[in-house]
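Enquirer: Residue 857 in my numbering sits at position 67 of the sequence shown; the count goes up by one each step and never skips.
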Amino acid sequence: NVDMARQTEIDKINTNAMANYGSSKINGVKSTTTDKWGLNGQYDYNLSPHFFVFGKLGLEGDKVVNLSLRRTLGTGLGYKVINAPNTTFDVFAGVANTHSKYRTTQLINNVSDTTFSSNSALLGEESTHKISDTVFFKQRVELYPRLSGDTGTLAKATANLGVALNSTISLNVGLTHNYNSAPAIGLKKNDTSLFTGLSVKLGG
Numbered sequence: 791n792v793d794m795a796r797q798t799e800i801d802k803i804n805t806n807a808m809a810n811y812g813s814s815k816i817n818g819v820k821s822t823t824t825d826k827w828g829l830n831g832q833y834d835y836n837l838s839p840h841f842f843v844f845g846k847l848g849l850e851g852d853k854v855v856n857l858s859l860r861r862t863l864g865t866g867l868g869y870k871v872i873n874a875p876n877t878t879f880d881v882f883a884g885v886a887n888t889h890s891k892y893r894t895t896q897l898i899n900n901v902s903d904t905t906f907s908s909n910s911a912l913l914g915e916e917s918t919h920k921i922s923d924t925v926f927f928k929q930r931v932e933l934y935p936r937l938s939g940d941t942g943t944l945a946k947a948t949a950n951l952g953v954a955l956n957s958t959i960s961l962n963v964g965l966t967h968n969y970n971s972a973p974a975i976g977l978k979k980n981d982t983s984l985f986t987g988l989s990v991k992l993g994g
């Protein structure tokens, strides 16, 4: 997982890339349990000390559920509820378009195809918390209530707790949860992952 951000008094650029692969072997038979990737970017432009406009792009794939590519484009308006050195809290709302392409034909909302698209509202919030000199926490929630199209309502939530071991290395625990109200036949609505590991700080 890679997180990169650049923030000035005028704007903010935030990008994230991830890859996740896992397998298991039962009675000598090996199977892939997760094989997904994702790339997200968001640009915020400050209209005032509290209000900002944003544009975001999300790309993801998941071989386990035969998802070749899901592209999400979104834009809207945000408000900085708290913007302090140790705590930030933003809320945002807008509209989004989601386009999903599968490797094989899927049945979603009684529609059988390999390509699905939908328009949705975009609602969300995110916060960062410097609990102490060595402990930090951040979380983000996005909700995409469907307005029109083939797919259902989507939701994404992430949370990360980090404990600094020194000035560059931290121990992290991360949780991700994805929800799809109308998954393809045979798939569940919820997908949750828990991660632990080390992170290396490369910039300021």
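Cβ atoms here follow ideal geometry from the backbone N, Cα and C, with glycine treated the same way.
What do you get for Gln797, buried or exposed, if any count of 16 or more other CB atoms within 10 angstroms of its CB means buried?
Expert: That one is exposed.
Enquirer: Can you find the residues in the same chain that come closer than 6 Å, C-beta to C-beta, to Leu984, ignoring five residues on each side of it along the sequence?
Expert: Leu965
Enquirer: Count the other CB atoms within 10 Å of the CB of Leu944; is the residue buried (16 or more) or exposed (fewer)?
Expert: buried
Enquirer: Under 7 Å Cβ to Cβ from Val953, same chain only, skipping five residues before and after it: list those, please.
Expert: Only Thr924, Val925, Ser960 and Leu961 meet the Cβ criterion.
Enquirer: In whole angstroms, what is the alpha-carbon distance linking Gln896 and Val854?
Expert: Cα-Cα distance, rounded: 13 Å.
Enquirer: For Phe906, count neighbouring C-beta atoms within 10 Å of its own C-beta (all shown protein chains included) and say buried if the count is 16 or more, exposed if not.
Expert: Phe906 is buried by the Cβ-count criterion.
Enquirer: Do Ser917 and Thr878 have their CB atoms nearer than 9 Å?
Expert: yes
Enquirer: Which term fits Thr941, buried or exposed, when burial requires 16 or more other beta carbons within 10 angstroms of its beta carbon?
Expert: buried
Enquirer: Could you tell me if Asn956 is buried or exposed, where buried requires 16 or more neighbouring beta carbons within 10 angstroms of its beta carbon?
Expert: If you draw a 10 Å sphere on the C-beta of Asn956, you find fewer than 16 other C-beta atoms in it, and that means exposed.
Enquirer: In this structure, does DSSP put Lys946 in helix, strand or coil?
Expert: Of the three classes helix, strand and coil, the one that applies to Lys946 here is strand, per DSSP.
Enquirer: So the candidates are Asp793, Glu915 and Leu837; which of them puts its Cα closest to the Cα of Ile800?
Expert: Leu837
Enquirer: Bridge partners for Ser902 per DSSP, in chain order?
Expert: In the DSSP output, where bridge partners are listed per residue, Ser902 has Leu897.
Enquirer: Report the option in Leu937, Asp793 and Leu867 whose CA atom is closest to the CA atom of Gly914.
Expert: Leu867
Enquirer: So, Gly845 versus Thr865, is the Cβ gap smaller than 9 Å?
Expert: yes
Enquirer: Rounded to whole angstroms, what is the Cα-Cα separation between Val792 and Ser938?
Expert: 33 Å
Enquirer: Below 6 Å CB to CB, which residues in the same chain sit around Asn968 once its five sequence neighbours on both sides are set aside?
Expert: Lys946 and Asp981
Enquirer: Ignore the nearest five residues each way along the sequence and tell me which others in Ala972's own chain have a CB closer than 7 Å to its CB.
Expert: Setting aside the 5 residues that flank it on each side, Ala972 is surrounded in the same chain by Ile898, Asn899, Thr941 and Gly942, each with a C-beta closer than 7 Å to its C-beta; the list follows chain order.
Enquirer: Rounded to whole angstroms, what's the CA-CA distance from Thr935 to His840? Just pull it up for me.
Expert: Looking at the sequence shown, residue 935 is not Thr but Pro. Rounded to whole angstroms, Pro935 to His840 spans 25 Å at the Cα level.
Enquirer: Alpha carbon to alpha carbon, how far is Leu977 from Thr894? Give it in angstroms, no decimals.
Expert: 14 Å
Enquirer: How is the beta strand (DSSP E) around Ala795 delimited, first residue to last?
Expert: Val792 to Gln797
Enquirer: Return the first residue and the last residue of the beta strand (DSSP E) that Gly848 is part of.
Expert: Phe841 to Asp852
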